[in-house]
Amino acid sequence: MVNFSTGLRFLAVTGLLLSASSSFAQPDTGGPLPTTPTPTPDPTAVPLDGGASLLVAAGIGFGIRKLRARSRR
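Using mature numbering (1 follows the signal peptide of the UniProt record, and there is no 0), the letters of the sequence shown map in sequence onto residues -25 to -1, 1 to 48.
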């Protein structure tokens, strides 16, 4: 039997994961004109920003929580 706290936590995490996909949307620039050549993107341009750092912080917090729980046993 899943208790209420676990179910609520699951719904919160699922909701956050599903809503994060909309943050990848970018506004339409209208696109390049047919006469302008398309510039080649920089191969190292990776959009790592606040989302990645939040995931790292959550992982560190979760790890600390698990280590504390393990040391109490």
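Glycine residues also receive a C-beta, built at the ideal position from the N, C-alpha and C atoms. All figures in this text were calculated on a predicted structure; none of them were measured in a lab.
For Ser(-21) and Arg47, the rounded distance between their alpha carbons: 22 Å
Cβ-Cβ distance between Ala(-6) and Gly26 below 8 Å: yes
Length of the line joining the Cα atoms of Arg45 and Gly38: 10 Å
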